[in-house]
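Contents: one structure, followed by commentary.
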Amino acid sequence: MTGFWTNTARSAVAGLAFCAAAFSSAQAQDASSDILKNVLDRGVVRVGECMGLAPFGTYNANNEPEGYDIDIANELGATLGVKVEIVNVDPAARIPSLETGKVDVVFCDTTRTLDRLKRVAFTDTYDVTGTVILSNKETPVNSLEELNGKTVAIAKGTPYADVVKKSAPDAEVIAFNSPADIITAVKQGQAAAAIENSAFLNYMAKSDPSLHVTSESVIELYYNSFAIPQGQPNWLAYLNEFIFQLNTSGKNKELYKKWFGVEPPFALNPQF
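Residues 442 to 713 (the numbering used here) make up the sequence shown, in order.
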């Protein structure tokens, strides 16, 4: 019997040692994949931004990134005490850029949706936009129904194709690589209209009197957040606190007015 208990005890100890080693290995793996820790160790936060989406993100005459999102990224970098690297991504590449580890966070006026939550995680809301239709002033389009039988430009990776088809089933929807491309499509006659978020299209129309936009949002409001890889509780908590302080300090409102010329038109929290 003594030998039996000795062997059993040895097996138990060996099993505990194996479990402890596995736990330590898992802890080490978790630590190495903690984005917040990696950003602090690296001294750089990599922010994905759609650089054709003025005034959220664009390049100035010196080819330097600037815009509303860029200012927010710089605020984030300052709180972290790290440098900011802006990584230009097309709308369709936002989620893949997170999944492949190309960036640590995506701004890019990204709307939180249940479908996207299957692949990424979202922070609290930092910006709310409506959706408007842009067209040439000489041939204005003022409703989704008027898109029927017309060619409509959207940016790849956005949900507007379904929006258009629901109200205008005979519309032809063409997807372009970037929001800037849909403006060019309308100007050059490749499309009769374009549909995108209200902040971007209103900004573009203000700089070009030949363009027309609908006066109000043609669909429900979009609540936009930062997107990050799933399974990052520390990073998510940090970013949510950053957004909370950005809003309560008034800094977010200040930056919005700087770039859009008005205070944020929509409340960050929906009224139910």
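Every residue gets a Cβ at the ideal spot worked out from N, C-alpha and C, and that includes glycine.
{"query": "The segment 576 to 584 touching the segment 669 to 683, judged by at least three CB pairs closer than 8 Å", "result": "no"}
{"query": "Host beta strand (DSSP E) of LEU575 (start-end)", "result": "572 to 577"}
{"query": "Sufficient close CB pairs (3 or more, under 8 Å) joining the segment 640 to 652 to the segment 481 to 501", "result": "yes"}
{"query": "ASN688, DSSP secondary structure in three states", "result": "helix"}
{"query": "Between the CA atoms of ALA514 and VAL728 - distance to the nearest angstrom", "result": "Because the chain in this structure spans residues 442 to 713, residue 728 falls outside the shown range and cannot be described."}
{"query": "Cutoff 8 Å; reference LEU687; Cβ partners in own chain excluding five residues on either side", "result": "ILE513, GLU516, TYR567, ASN693"}
{"query": "Beta-carbon separation (whole angstroms), GLU526 vs ASP510, contact threshold 8 Å", "result": "Not confirmed; about 14 Å, so no contact."}
{"query": "Best match in ALA626, THR541, ARG535 for proximity to CYS549 [C-alpha to C-alpha]", "result": "ARG535"}
{"query": "ILE476 vs TRP676 beta-carbon contact at 7 Å", "result": "yes"}
{"query": "Reference THR520, options ASN681, THR572, ALA596, TYR644, closest by Cα", "result": "ASN681"}
{"query": "ASN529 - DSSP class collapsed to helix/strand/coil", "result": "strand"}
{"query": "SER658 - DSSP class collapsed to helix/strand/coil", "result": "coil"}
{"query": "Delimiting residues of the beta strand (DSSP E) encompassing ALA634", "result": "634 to 638"}
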